[in-house]
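With the working numbering applied, the sequence shown covers 4 to 304.
Glycine is no exception: its CB is placed at the ideal position from the N, C-alpha and C atoms.
This one's a predicted model, so the numbers in the text were calculated from it and none came from an experiment.
Accompanying notes for the structure given below.
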Amino acid sequence: MERRLIFKKDFFSFLPYIIFFLILASVFYLIFKYTKRKRLLLFALGWFFILLLPQSSFFLPYLIAEHFLYLPSIGFFLSISILLEKIRQRRGKIVSFFVFIWVSYYSFLTFTANINWQNSITFYRWTEKYSPYSLRIHYLLGIHYVEEGLYDKGLEEFVKTAQIYEGVSILKEIDKFYKKDKKFLAALHYNIGFILSQKGLFKKAEKEYKKALEFNPLLLEAYNGLGCLYIKERRLREAEEIFKKLLKIEPSFSKAYYNLGIIYLLKGEKEKTLKAWKKALEINPDYELVKESLRKIDVKK
């Protein structure tokens with residue numbers, strides 16, 4: 004789960020903290036004035052606040068996450084139990100009724116929350132509600148849409164990510180970390196290019212692939228995507244150059260040899276095709292697409 008906020012530093016932004024400390028002071032006052040089991044209750048409250056304080060956002064501009072509360076919550080629930088027991092001695096039935104309502108309510112919340120964890124898409128869509136300007140959330144949601152074949156939705160999320168990066172978001176300062184990560188941006192533009200290519204928008208896809216390579220000249224999949232795009236457009240000379248450049252960076256990239264074989268086949272250079280595909284199989288003996296292509300050539304013989 005990820006949530007993002009802008010931390011204000013004006014006087015009024017401290018008002019919630021002032022109210023919190025006033026409430027806290029009132030609670031301690033009531034405890035010492037009306038409760039006999041002060042030591043145990045004080046221990047429970049001390050457990051909660053002492054363990055919570057180092058991880059809280061009172062001193063550091065950082066949002067607390069629910070897993071920070073696991074250990075401190077022991078003290079919180081112990082305090083609640085002591086107070087409820089105190090009240091139960093006087094108003095037993097009323098306390099039992101409210102405890103039942105309370106437990107039922109949170110049981111219902113737990114049950115409904117599980118819906119958000121059905122799969123990666125439901126989880127990230129839920130998280131997006133609380134972090135609408137997060138580069139990471141939009142990007143990961145786009146990835147999972149693409150994996151499910153939902154290219155339009157995937158493209159929409161990648162475009163949102165790109166817009167946030169370009170500064171459309173009023174919260175652009177929050178994601179400085181990702182702005183410095185060129186590999187992240189390269190992957191983003193590669194995925195946009197991949198979707199555009201799948202939709203047949205080759206010119207736009209080419210632009211995105213090239214932008215990905217500007218951010219990361221070593222992104223192998225971007226070279227491969229650009230080369231495949233050139234094959235579809237029958238720009239065979241440019242495609243061949245791209246795959247040869249890719250192999251200079253990573254000689255064991257078997258997809259490049261397979262695609263070179265496709266280029267040679269389209270050019271009528273059968274011997275070169277066989278050589279390239281056999282090289283691909285040397286690198287990856289389980290490359291089923293190459294095996295199938297070789298079988299088709301043997302049948303044609």
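Do residue j and residue i come within 9 Å of each other at the CB atom, strictly closer than that value?
{"i": "Leu2", "j": "Tyr193", "result": "What the structure shows of the chain is the stretch from 4 to 304, and residue 2 is not part of that stretch, so it cannot be assessed."}
{"i": "Ala259", "j": "Gly228", "result": "no"}
{"i": "Ala190", "j": "Asn219", "result": "yes"}
{"i": "Ile265", "j": "Ile234", "result": "yes"}
{"i": "Pro75", "j": "Leu54", "result": "yes"}
{"i": "Ala47", "j": "Leu81", "result": "yes"}
{"i": "Ser99", "j": "Arg91", "result": "yes"}
{"i": "Leu269", "j": "Arg240", "result": "no"}
{"i": "His147", "j": "Tyr127", "result": "yes"}
Skipping 5 residues on each side, what residues in its chain have a beta carbon closer than 6 Å to that of residue i?
{"i": "Leu158", "result": "Ile198"}
{"i": "Ile195", "result": "Phe161 and Glu211"}
{"i": "Lys282", "result": "Tyr260"}
{"i": "Trp129", "result": "Asn119"}
{"i": "Glu285", "result": "none"}
How many Å lie between residue i and residue j at the Cα?
{"i": "Val293", "j": "Phe187", "result": "31 Å"}
{"i": "Ser110", "j": "Ala116", "result": "10 Å"}
{"i": "Leu204", "j": "Gly230", "result": "15 Å"}
{"i": "Lys278", "j": "Leu297", "result": "11 Å"}
{"i": "Val247", "j": "Tyr226", "result": "Here the sequence assigns Lys to residue 247, which means Val is not the residue at that position. About 10 Å."}
{"i": "Glu217", "j": "Leu25", "result": "55 Å"}
{"i": "Glu131", "j": "Ile118", "result": "15 Å"}
{"i": "Lys96", "j": "Val106", "result": "15 Å"}
{"i": "Phe114", "j": "Tyr108", "result": "10 Å"}
{"i": "Asn287", "j": "Lys185", "result": "30 Å"}
{"i": "Trp280", "j": "Leu263", "result": "8 Å"}
{"i": "Ile21", "j": "Lys89", "result": "29 Å"}
{"i": "Leu56", "j": "Leu249", "result": "52 Å"}
{"i": "Tyr290", "j": "Pro254", "result": "16 Å"}
Using C-beta distances below 7 Å, list every residue in its chain close to residue i, excluding the 5 sequence neighbours before and after it, in chain order.
{"i": "Lys275", "result": "Tyr267"}
{"i": "Arg42", "result": "none"}
{"i": "Glu295", "result": "none"}
{"i": "Ile245", "result": "Tyr226, Leu229, Gly230 and Tyr233"}
{"i": "Glu176", "result": "Legend: pLDDT at Glu176 = 40, less than 50; position of this residue unreliable, no value from coordinates given."}
Any heavy atom of the ligand COA closer than 8 Å to the beta-carbon of residue i?
{"i": "Lys185", "result": "The model depicted lacks the ligand COA and carries no ligand whatsoever."}
Cutting at 8 Å between CB atoms, please list the residues of its own chain near residue i, excluding the five before and the five after it.
{"i": "Glu151", "result": "Ile124"}
{"i": "Val149", "result": "Gly157, Asn194, Phe197 and Ile198"}
{"i": "Glu272", "result": "none"}
{"i": "Ile252", "result": "Leu221, Leu223 and Tyr226"}
{"i": "Gly49", "result": "Gly78"}
Residue i and residue j look like a contact to me (Cβ under 8 Å); what is the Cβ gap, rounded to whole Å?
{"i": "Phe51", "j": "Gly78", "result": "3 Å"}
{"i": "Ser257", "j": "Leu232", "result": "Actually they are not in contact, since the Cβ atoms of Ser257 and Leu232 sit about 19 Å apart, beyond 8 Å."}
{"i": "Tyr154", "j": "Lys202", "result": "6 Å"}
Got a sec: is the Cβ-Cβ distance from residue i to anything in chain C below 9 Å?
{"i": "Phe103", "result": "In summary, chain C is missing from the structure at hand, where a single protein chain is found."}
Is the number of C-beta pairs between the region 122-141 and the region 73-85 that are closer than 8 Å three or more? No, the region 122-141 is not in contact with the region 73-85.
Tell me, please, whether the region 130-142 touches the region 157-164 by the rule of three or more beta-carbon pairs shorter than 8 Å. As far as the Cβ criterion goes, the region 130-142 touches the region 157-164, which means the pair count is three or higher.
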